[in-house]
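Visitor:
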Amino acid sequence: MSCKSCDCNQPAQPERRSFLGGSVSIIASMTILPGLVLHEVKAKPDDQRISNKNRWGILIDTRKCTTECDACVTACHKKHGIETHGRPDKDPQWIRKLKVEDPLTRKTSSFPIMCQHCEHPPCADVCPTGASFRREDGIVLVDRHLCIGCRYCMMACPYKARSFVHEETENPLPHTPRGKGTVEACNMCVYTVDKGGIPACVEACKLEGHQAMIFGDLNDPESEISQALLREGGQQIREDLGLNTGVRYQGIN
Amino acid sequence: MRQGLIALLIGLLLPLAAWSGVLPQIPEARKGESCVRPTDEMRKNHMKYILHQRDETVHEGYRNPQFSLVECINCHATKDDKGEWVSVKTEKHFCNSCHTYAAVKIDCFQCHADKPEEAYKQANHPLILREGLSEDTIRNTLMEARQ
Amino acid sequence: MKNPVEYLEIELNKSVLTFLGIVAAVLGAGLLSALYMEHEGHWVTGMSNQIVWGLPHVFAVFLIVAASGALNIASIGTVFDKYQYKPLGRLSAWIAMALLVGGLMILVLDLGRPDRLIVAATKYNFKSIFAWNMILYNGFLFFTGVYLWFMMDYKMYKHYPKAGFAAFVWRLILTTGTGSIFGFIVARTAYASALLAPMFIIMSFSYGLAFKMVMLKLACRFDGRELGEKILFRLKNLLGTFVGAVLLMTIIHHLTNLYWAKAHDYEIWILTSGGIYTAMFWIGQMGIGTLLPLAIFYHPTLGKNRNMILLGALLVILGGLAQMYVTIIAGQAYPMPLFADKIVSSSFFDGVVAEYHPSLPEFLLGLGGFAVTILATFVGMRVLRLLPSSLSDQVVDPAHSKD
Chain C
1 MSCKSCDCNQ
11 PAQPERRSFL
21 GGSVSIIASM
31 TILPGLVLHE
41 VKAKPDDQRI
51 SNKNRWGILI
61 DTRKCTTECD
71 ACVTACHKKH
81 GIETHGRPDK
91 DPQWIRKLKV
101 EDPLTRKTSS
111 FPIMCQHCEH
121 PPCADVCPTG
131 ASFRREDGIV
141 LVDRHLCIGC
151 RYCMMACPYK
161 ARSFVHEETE
171 NPLPHTPRGK
181 GTVEACNMCV
191 YTVDKGGIPA
201 CVEACKLEGH
211 QAMIFGDLND
221 PESEISQALL
231 REGGQQIRED
241 LGLNTGVRYQ
251 GIN
Chain G
254 MRQGLIALLI
264 GLLLPLAAWS
274 GVLPQIPEAR
284 KGESCVRPTD
294 EMRKNHMKYI
304 LHQRDETVHE
314 GYRNPQFSLV
324 ECINCHATKD
334 DKGEWVSVKT
344 EKHFCNSCHT
354 YAAVKIDCFQ
364 CHADKPEEAY
374 KQANHPLILR
384 EGLSEDTIRN
394 TLMEARQ
Chain Y
401 MKNPVEYLEI
411 ELNKSVLTFL
421 GIVAAVLGAG
431 LLSALYMEHE
441 GHWVTGMSNQ
451 IVWGLPHVFA
461 VFLIVAASGA
471 LNIASIGTVF
481 DKYQYKPLGR
491 LSAWIAMALL
501 VGGLMILVLD
511 LGRPDRLIVA
521 ATKYNFKSIF
531 AWNMILYNGF
541 LFFTGVYLWF
551 MMDYKMYKHY
561 PKAGFAAFVW
571 RLILTTGTGS
581 IFGFIVARTA
591 YASALLAPMF
601 IIMSFSYGLA
611 FKMVMLKLAC
621 RFDGRELGEK
631 ILFRLKNLLG
641 TFVGAVLLMT
651 IIHHLTNLYW
661 AKAHDYEIWI
671 LTSGGIYTAM
681 FWIGQMGIGT
691 LLPLAIFYHP
701 TLGKNRNMIL
711 LGALLVILGG
721 LAQMYVTIIA
731 GQAYPMPLFA
741 DKIVSSSFFD
751 GVVAEYHPSL
761 PEFLLGLGGF
771 AVTILATFVG
781 MRVLRLLPSS
791 LSDQVVDPAH
801 SKD
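If you're matching them up, the sequences are chains C, G and Y in order.
Quick note on numbering: the first sequence equals residues 1 to 253 in the working numbering.
Quick note on numbering: the second sequence equals residues 254 to 400 in the working numbering.
Quick note on numbering: the third sequence equals residues 401 to 803 in the working numbering.
This is the structure:
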């Protein structure tokens, strides 16, 4: 690992102990569920920096998403240990199901909405301390070590994607630290993605059999998500703001 | 004269402190032979290592487990007599045992988990890898997670 | 045209002490509230994930906006060379600083992590108007402090016009920055207007002057100092002008919104069907804060009554708070438009007006900010020579005095 500012740049000493989650080396292009083809995307080695060669994104086909199903929401909140306190206006929601109706045609669609992982995120623009930031690979995060809880990002976010933690967290999970007085939002399951996995919502959607969500690298023209976008296009919510979101939708009407 | 007095005072207090259990009772790590660095060095510098890797991890996506707080907890968290994982709120917890003694307040655990990964059923292991994973593994893991 | 103005500390007589005792109690309640909210977390407040900025911010933004306005009286004397205002220069500068400190205290104590203030002071994201504001606030305290020092120190006195000019320029930038906090929010219909920055400047003139008049009136009454009609009527007329200017800006703001199709729904809501917000706008901001004071100030007899003038200034402050409430709370309560022409609903209050029920601790914290300002003002007048021993017509305008 490349340490510049402290004196810890000796190599790791693997003989001393072994760690969980070493680099996964199953690289195969295979069908794991009917109709689901996974492509060869090698997981980033743990000791490597992320790069702007990738831009992670999610494509949501609202035509495949059903009104009753909220598997993505459940999976997300379970994976990240989001507790509810029976206070809907104060409980955090990293992802929520939205129902949209066209007053003219009476057509409705239902789909999940979460942090849209903008290329030009208004939250990061307004954040006074730089706690809100966009990783080089496009994932927008809150560095809770820097967040002072001013909530300006929540004022600025056009998608109401962010939540403020209004009370002490009971039991934060190892890979989703979260605490009172700071702002949080969908992190595109950043730990899992760094480990070569896919976000919980997408996973849940696939396993539920709807397969309305595709996760992948928008910068890779061969990726499933890029191919789907190429074939059918995709729309951004509040496209007028020019934020170039990483989450795209199909079939909202 | 003065030095003598101080020495006397220390001489009197030290055994008293040890006797009354004031010295920290630091629990042994559960795993491994030794830490990622010699104990002396870790005692002195663990905060530097954690802090440095913290910024690299959050902002640059390094997932090097060497100085990861999760890994600290994975080895050093212990169970109590009843077999429950010890909470950081008690002095039996590895971090708190020493920090209480040293009177250094830390706020790590206002956000971070104080128990090891194995204590959580829904620990963040990826089910579906982008590279692919056998169907059985996914199904099994999913079944487990749902229970 | 020499002004032999003599400045004197105020006496700590019984009425001052009683008044300050009450103010200190309010401050104590405010601090306890902050402690309580911080300990429990924000769930004990009325603020939520829908209304993220609540009553504390209403008070804080009011005080910060008023701060730059209070400095105005000093600026008019120094920068625009109106000698009648010069005796008030010192007090204006001091009140300006006190207002800013009061507002900032609220903001800081309402943070989710006030213990991390050091982070806010050391890590800057220069794209954030908020980060710029932190620099602007500190700069304001610095420039105003220097200005005050130069006014009070006979060795530096010759330089004070320069310091006054610097402070004047800085305060304009500062209020632009405060207005831009809202103006830069592109996502919400109620904000996202460049008009907010100049509007905040005009508002600051009005709020700052109103607050300063109340303080001046109280101090003179407590300490038995003469407050001549010349200066009082001058201030009153000025305040009337500012209130009128705010009214004009408000009308323009709503007219531009009515012109943009995308803001129609919001305008119709806030002006006619927004419930508490519509009431706040028409009764609070327009009625109590604008029309009533204007009626008092320009009434042939009421406008010459000292107590009525004091009442008018108080009404301007109340109306200002109502205006802040409408700007800050209503702007958030109105649903964000995710799709321009579709009906949206969810489990997270999409497509519906968010509810906000302010809690007592929030209110007390807000009042605490006012308390800090008032305490600082009086402590300043006690330990420094800020207030002229007399503001009689003779002192204010010796050349044109009848005596």
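We put the beta carbon where it would ideally sit given N, CA and C, even for glycine.
If Ala754 (chain Y) sits next to Ala733 (chain Y), beta carbons under 8 Å apart, how far is it from one beta carbon to the other, in whole angstroms?
Guide: Right, their Cβ atoms sit about 5 Å apart.
Visitor: With a cut-off of 8 Å, do at least 3 Cβ pairs link the stretch 107-119 of chain C to the stretch 237-250 of chain C?
Guide: Because the criterion of three Cβ pairs below 8 Å is met, the stretch 107-119 of chain C and the stretch 237-250 of chain C touch.
Visitor: Keeping to the same chain, check which residues put their C-beta closer than 6 Å to that of His305 (chain G); ignore five residues upstream and five downstream.
Guide: Nothing listed; no residue qualifies.
Visitor: Going by beta carbon distance, what residues of the same chain come within less than 7 Å of Lys82 (chain C), once the five residues before and after it are set aside?
Guide: Residue 82 (chain C) is actually Ile in this sequence, not Lys. Answer for Ile82 (chain C): Pro92, Trp94, listed in chain order.
Visitor: Any idea which residues DSSP pairs Ile95 (chain C) with across the strands?
Guide: In the DSSP output, where bridge partners are listed per residue, Ile95 (chain C) has C:Met114.
Visitor: Can you have a look at Gln450 (chain Y) and say buried or exposed, based on whether 16 or more other CB atoms are within 10 angstroms of its CB?
Guide: Gln450 (chain Y) should be labelled buried.
Visitor: Shortest alpha-carbon distance to Thr176 (chain C) belongs to which of G:Val311, G:Ser350, G:Glu294?
Guide: The residue with the shortest Cα to Cα distance from Thr176 (chain C) is G:Val311.
Visitor: Taking its Cβ as the centre, do 16 or more other Cβ atoms sit within 10 Å of Arg238 (chain C), making it buried, or is it exposed?
Guide: Flag for Arg238 (chain C) reads buried.
Visitor: Contact criterion: CB-CB distance below 8 Å. Does Asp91 (chain C) meet it with respect to chain G?
Guide: Not an interface residue.
Visitor: Name the chain Y residues that come within less than 7 Å of Ser163 (chain C), Cβ to Cβ?
Guide: Neighbours of Ser163 (chain C) on chain Y, chain order: Asn449.
Visitor: With a 10 Å radius around its C-beta and 16 neighbouring C-beta atoms as the bar for buried, classify Asp750 (chain Y) as buried or exposed.
Guide: Classification for Asp750 (chain Y): buried.
Visitor: When the Cβ atoms of the stretch 365-375 of chain G are set against those of the stretch 160-174 of chain C, are three or more pairs found closer than 8 Å?
Guide: Yes, the stretch 365-375 of chain G is in contact with the stretch 160-174 of chain C.
Visitor: Using the three-state DSSP reduction, which class does Arg106 (chain C) fall into: helix, strand or coil?
Guide: Coil at Arg106 (chain C), not helix or strand.
Visitor: What are the residues in the stretch 170-200 of chain C lying within 9 Å of chain G by C-beta distance?
Guide: Cβ contacts with chain G come from Asn171, Pro172, Leu173, Pro174, His175, Thr176, Pro177, Arg178, Gly179, Lys180, Gly181, Thr182, Cys189, Val190, Tyr191, Thr192, Val193, Asp194, Lys195, Gly196, Gly197, Ile198, Ala200.
Visitor: Is it right to say Ile464 (chain Y) is buried, meaning 16 or more other beta carbons lie within 10 angstroms of its own, or is it exposed?
Guide: Buried, by the Cβ-count rule.
Visitor: Please determine if the stretch 589-597 of chain Y and the stretch 648-668 of chain Y are in contact, where contact requires at least 3 C-beta pairs separated by less than 8 Å.
Guide: The stretch 589-597 of chain Y is in contact with the stretch 648-668 of chain Y.
Visitor: Who are the Cβ neighbours of Met505 (chain Y) in its own chain at under 6 Å, not counting the five residues just before and after it?
Guide: Closer than 6 Å at Cβ, skipping near neighbours: Gly769, Val772.
Visitor: Between the stretch 313-329 of chain G and chain C, which residues of the former have a C-beta closer than 9 Å to a C-beta of the latter?
Guide: Taking 9 Å as the Cβ-Cβ cut-off against chain C, the residues of the stretch 313-329 of chain G that qualify are Glu313, Gly314, Tyr315, Arg316, Asn317, Pro318, Gln319, Phe320, Ser321, Leu322, Val323, Glu324, Ile326, Asn327, Cys328.
Visitor: Using alpha carbons as the reference points, say which of Y:Phe642, Y:Ser448, Y:Thr777, Y:Ile670 lies closest to Leu818 (chain Y).
Guide: The question about residue 818 (chain Y) has no answer, for chain Y in this structure spans 401 to 803.
Visitor: In chain C, which residues lie with their C-beta within 8 Å of the C-beta of Gly441 (chain Y)?
Guide: Within 8 Å Cβ-Cβ: Val165, His166, Glu167, Glu168, Lys180, Gly181.
Visitor: Relative to the C-alpha of Ser746 (chain Y), which candidate in C:Gln236, C:Val100, C:Val142, C:Cys127 has its C-alpha closest?
Guide: Ranking C:Gln236, C:Val100, C:Val142, C:Cys127 by Cα distance to Ser746 (chain Y) puts C:Val100 first.
Visitor: Using the beta-carbon of each residue, which ones in chain C are nearer than 7 Å to Ser593 (chain Y)?
Guide: Residues of chain C passing the Cβ test: none, with the nearest at roughly 15 Å.
Visitor: Whole angstroms is fine: what's the gap from Lys332 (chain G)'s alpha carbon to Cys348 (chain G)'s?
Guide: Cα to Cα, the separation comes out at about 14 Å.
Visitor: Per the DSSP calculation, Met213 (chain C) is bridged to which residue(s)?
Guide: Its beta-bridge partners are C:Ile60.
Visitor: Nearest to Ala645 (chain Y) by alpha carbon, out of Y:Ala429, Y:Leu616, Y:Ser606?
Guide: Minimum Cα distance to Ala645 (chain Y) is reached at Y:Ser606.
Visitor: Does any CB atom of chain C fall closer than 8 Å to the CB of Ser746 (chain Y)?
Guide: Yes, contact with chain C.
Visitor: Based on the DSSP output, what are the partners of Trp338 (chain G) in its beta bridges?
Guide: Paired residues: G:Lys332.
Visitor: Contact check, Thr445 (chain Y) vs Ser759 (chain Y) under 8 Å by CB: the rounded distance?
Guide: The pair is a contact, with the Cβ atoms about 5 Å apart (cut-off 8 Å).
Visitor: Less than 6 Å between C-beta atoms, sequence neighbours within five positions excluded: which residues of the same chain meet that for Thr589 (chain Y)?
Guide: So the qualifying residues of the chain are Ala663, Tyr666.
Visitor: Closest Cβ-Cβ distance between Ile214 (chain C) and chain G: below 8 Å?
Guide: Answer no: the Cβ-Cβ gap between Ile214 (chain C) and chain G never drops below 8 Å.
Visitor: In the DSSP output, which residue or residues are listed as bridge partners for Glu184 (chain C)?
Guide: C:Ser163.
Visitor: In this structure, does DSSP put Leu173 (chain C) in helix, strand or coil?
Guide: Of the three classes helix, strand and coil, the one that applies to Leu173 (chain C) here is strand, per DSSP.
Visitor: Express the C-alpha separation of Ser110 (chain C) and Ile743 (chain Y) in angstroms, rounding to a whole number.
Guide: Roughly 12 Å separates the two Cα atoms.
Visitor: What residue does the alpha helix (DSSP H) around Arg231 (chain C) start on, and which one ends it?
Guide: It spans 224-232 - the alpha helix (DSSP H) in which Arg231 (chain C) sits, taken as one unbroken run.
Visitor: What number of angstroms, rounded off, separates the C-alpha of Leu702 (chain Y) from the C-alpha of Ala730 (chain Y)?
Guide: So the two alpha carbons sit approximately 34 Å from each other.
Visitor: Out of curiosity, what's the CA-to-CA distance linking Val165 (chain C) and Ile225 (chain C)?
Guide: Spanning the two alpha carbons is a distance of roughly 33 Å.
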